[in-house]
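Sequences listed follow chains X and U, in order. Going by the numbering used here, the first sequence opens with residue 646, and the numbers climb by one from there. Going by the numbering used here, the second sequence opens with residue 8, and the numbers climb by one from there. From the three backbone atoms N, C-alpha and C, an ideal C-beta is built for every residue, glycine too. Here's the structure we're looking at; comments come further down.
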Amino acid sequence: MASKPSIMIVDDEEIVRTSLSSWLLEDGYDVVSVESGKLALEELKKKNYDLMLVDLKMPEMDGLELMKEVKKSLPDLPIIIMTAFATVDTAVKAIKEGAFDYLMKPFDPEEISITIKKIMRQQMLEQENIYLRKELAKQFQFHQLYSKNKKMQEIFELIKNVAKTDVTILIHGETGTGKELIARAIHAESLRKDRPFFPVSCASLTETLLESELFGHEKGAFTGASSMVKGMFEMADKGTIFLDEIGDISPKLQMDLLRVLETKEIVRIGSTLPIPVDVRVIAATNRDLGKAIAAGTFREDLYYRLNVITIDIPPLREKPEDIPLLIEQLIEKINIETGKSVKRVSEDAMAILMQYRWPGNIRELKNVVERSVVLAKEDIITLHEVGPCVGRNIKDTVSTGDMSLENMERNHIAAVLKNNNRNISTSAQILGIDRTTLYNKIKKYNLEEDKK
Amino acid sequence: MDTINIPVRVSSPIENPVYAFDPGRKQYYSTKILRYIVNSHRDSALRTIGIMSVDIFIPILTYVFGEAQLDGKAAIVSGARLKQEYYGLKPDKHLYLERLFKEVMHELGHTFGLTHCELQHCVMRLSNNVAGIDKKTANFCENHREQLLIKLKELEIQYGE
């Protein structure tokens, strides 16, 4: 610690405040003393403290109440509770409620000296630890992606190599593996990084809407086309367009898209005038396009146009080493968003999360972490929060006779639906898939309510 | 041993400070005695240090070896816990005087604005027991010596070995 560590003394007795503060001043600390909990809370807003020494018995707000209040906004600030009338009960209560230590007045000079030094050393180590962990995480970070996995590191390298050219890239990966983040990383590494990046989810729109979304339309092109609207291809000029779920587009759109890729021109709906566009296309799918070609639902020529470079993202269950790293990053992000201060996941909860198969991949992990952070009562995520999301499913997996992936998926979906009173939106969110996918799976596995 | 080349005047002894006695603790409240010394300090002197045989305390601590006004005029030191016999050991006058000298230097250091030192050998290291006092030397570390010199220069006092 470079600057003087600062200590706040909160005691209603003037004599304690003066004697303790002069002693601590001699010991080289920066000391402020106040006479009530209320003043202490005001003082805490003015500057940062490294330690608080709080008297247990004070009129109005007592030491434990003050500690509770302080812990709400500054959970890491160490607090020593001091009292002239120590009982085992109050000591246990103080420690249970988060006091670093509990000291009886008057203090043995040796004891208080050692306690304070211990706190300062611990704080220094904690700060150093946080710094080192962040530094370490940087090693595994590539834009918004984090991974220690060898395959993923190879993907990051590949992106660096191909991003600066304009080749079309096809990203293949299960739902929730972060296909859009990969696309964004490619864009960020490319020469187009200062130009727009437009993600389009091809599955979420009807054919006509998607067509208009991509290519734009002229005024009066169809009912409701009250003015000319530019499409994504035009707006993304000199930038990147990301076509997610490309396997879901109609044969007509497949043809239109192929034409754009070949001619680098688009034609708005209701017009015949070709407009040149300079757009890099990145497409993604969770389907096996090879099979779709064989089945005649996907054009082979478009497939080869899109598939100049393929990036195959491994599912989360194939890279369990990333789970703790991702959880750490997610907790940090969600803490900021929600104002919580969750620090880590308990060991047993982490073991469960590592075993789980994550059918919804990182998106599902994100949902589980989000729910757990919000539900966590302390600064640690326990089985209590994690269990309802994944624990039950593990039991199912173990007890089921049919261990096929399909059967597991079916059971998992059925369990999630049942736990959420068949609420599709909630279930889809927990599963980390969109509602359409969930509907398709319900149909596929015969999980309609009346049939169950 | 470090010395501060300043002439020392020994005042006449003061009465037993009954006003500072705490019957509950059977000790003397050091701050009250320090206040008495501060009041009797004369401006002809640079600093006043009171040395007493009684055991002293401040309310928050079970005992203190001494107390000083940080960057102030006066300090006090108690010899009560510096004597071997306090711990049931054979009296050792030489050791007692050595400890007393270190604590006097330490408290005077405080009156010149010095705070505690992390270094084992520096006289400004905080000692909570006699073993700690015995481990440190009577000298200031380089850093504290420099601070002291600056302070003395401000006070236009010559400092020498």
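Where residue i falls: helix, strand or coil (DSSP)
| i | result |
| --- | --- |
| residue 629 of chain X | Because residue 629 of chain X is not part of the residues shown, which for chain X are 646 to 1097, the question remains open. |
| residue 1028 of chain X | helix |
| residue 122 of chain U | coil |
| residue 789 of chain X | coil |
| residue 155 of chain U | helix |
| residue 934 of chain X | helix |
| residue 1093 of chain X | coil |
| residue 658 of chain X | coil |
| residue 765 of chain X | helix |
| residue 914 of chain X | strand |
| residue 928 of chain X | strand |
| residue 946 of chain X | helix |
| residue 650 of chain X | coil |
| residue 1011 of chain X | helix |
| residue 846 of chain X | strand |
| residue 1044 of chain X | Low confidence applies here, because residue 1044 of chain X scores a pLDDT of 43, under 50, leaving its location unreliable and the question unanswered by this model. |
| residue 1001 of chain X | coil |
| residue 902 of chain X | helix |
| residue 749 of chain X | strand |
| residue 1022 of chain X | coil |
| residue 989 of chain X | strand |
| residue 147 of chain U | coil |
| residue 142 of chain U | helix |
| residue 100 of chain U | helix |
| residue 1038 of chain X | Only weak support is given to the placement of residue 1038 of chain X: the predicted model assigns it a pLDDT of 46, under 50, and the value that follows is read from those uncertain coordinates. Residue 1038 of chain X falls in the helix class under three-state DSSP. |
Close-in-space but distant-in-sequence residues of the same chain around residue i (CB under 7 Å, 5 per side omitted)
| i | result |
| --- | --- |
| residue 846 of chain X | 889, 890 |
| residue 740 of chain X | 747 |
| residue 785 of chain X | 791, 792, 793, 970 |
| residue 736 of chain X | 747 |
| residue 848 of chain X | 890, 893, 1081 |
For residue j and residue i, believed in contact at Cβ under 8 Å, the rounded distance
| i | j | result |
| --- | --- | --- |
| residue 105 of chain U | residue 73 of chain U | Their Cβ separation, rounded to whole angstroms, is 15 Å, which puts residue 105 of chain U and residue 73 of chain U out of contact at 8 Å. |
| residue 707 of chain X | residue 680 of chain X | About 13 Å separates the two Cβ atoms, so there is no contact after all. |
| residue 925 of chain X | residue 829 of chain X | About 12 Å; that fails the 8 Å criterion. |
| residue 972 of chain X | residue 1014 of chain X | 6 Å |
| residue 959 of chain X | residue 796 of chain X | 5 Å |
| residue 743 of chain X | residue 716 of chain X | 5 Å |
| residue 852 of chain X | residue 897 of chain X | 7 Å |
| residue 34 of chain U | residue 11 of chain U | With 8 Å as the limit, residue 34 of chain U and residue 11 of chain U do not qualify as a contact, their Cβ atoms being about 30 Å apart. |
| residue 765 of chain X | residue 844 of chain X | Actually they are not in contact, since the Cβ atoms of residue 765 of chain X and residue 844 of chain X sit about 49 Å apart, beyond 8 Å. |
| residue 1025 of chain X | residue 988 of chain X | 6 Å |
| residue 1077 of chain X | residue 1008 of chain X | 4 Å |
Same chain only: Cβ atoms within 6 Å of residue i, ignoring 5 sequence neighbours per side
| i | result |
| --- | --- |
| residue 756 of chain X | none |
| residue 953 of chain X | 812, 813 |
| residue 1055 of chain X | 1090 |
| residue 665 of chain X | 654 |
| residue 729 of chain X | 750 |
| residue 90 of chain U | 103 |
| residue 931 of chain X | 819, 820 |
| residue 693 of chain X | none |
| residue 59 of chain U | 85 |
| residue 915 of chain X | 862, 863, 866 |
| residue 662 of chain X | 654, 656, 678 |
| residue 815 of chain X | 928, 951, 952, 955 |
Cut-off 8 Å between Cβ atoms - residues of its own chain near residue i, not counting five sequence neighbours on either side
| i | result |
| --- | --- |
| residue 76 of chain U | 41, 45, 82, 117, 118 |
| residue 1039 of chain X | Model confidence at residue 1039 of chain X stands at a pLDDT of 45, short of 50, so the residue's coordinates are unreliable and nothing is read from them. |
| residue 923 of chain X | 882, 883, 909 |
| residue 834 of chain X | 788, 804, 805, 808, 809 |
| residue 1074 of chain X | 1012 |
| residue 120 of chain U | 77, 78, 154, 158 |
Ordered list of beta strand (DSSP E) runs contained in the stretch 950-981 of chain X, each at least 3 residues: 954-957
Proximal residues, the stretch 61-83 of chain U versus chain X, C-beta separation under 9 Å: 64, 65, 66, 67, 68, 69, 70, 71, 72, 74, 75, 76, 77
Interface residues of the stretch 135-148 of chain U facing chain X [CB-CB below 7 Å]: 135, 136
Interface positions of the stretch 40-55 of chain U facing chain X (Cβ-Cβ less than 8 Å), listed along the chain: none
Proximal residues, the stretch 739-767 of chain X versus chain U, C-beta separation under 7 Å: 750, 751, 752, 753, 754, 755, 758
Segments assigned alpha helix (DSSP H), at least 4 residues, entirely inside the stretch 19-94 of chain U: Counting only runs of at least 4 residues, the stretch 19-94 of chain U fully encloses the following alpha helix (DSSP H) elements, listed from N- to C-terminal order: 37-47.
Residues of the stretch 15-44 of chain U with Cβ closer than 7 Å to any Cβ of chain X, in chain order: 38
Chain U contacts from the stretch 662-676 of chain X (Cβ-Cβ distance under 8 Å): 663, 664, 665, 667, 668, 670, 671, 672, 673
Segments of 3+ residues assigned as beta strand (DSSP E) that fall wholly inside the stretch 667-697 of chain X: Fully enclosed beta strand (DSSP E) runs of 3 or longer: 675-679.
Chain X contacts made by the stretch 117-135 of chain U, where a contact means CB separation under 7 Å: Taking 7 Å as the Cβ-Cβ cut-off against chain X, the residues of the stretch 117-135 of chain U that qualify are 117, 122, 123, 133, 135.
Completely contained alpha helix (DSSP H) runs for the stretch 1048-1082 of chain X, where each covers 4 or more residues: 1050-1064, 1069-1076
Continuous beta strand (DSSP E) assignments of at least 3 residues falling wholly in the stretch 696-733 of chain X: 696-700, 724-728
Selection of the stretch 646-660 of chain X by Cβ proximity to chain U, strictly under 7 Å: 660
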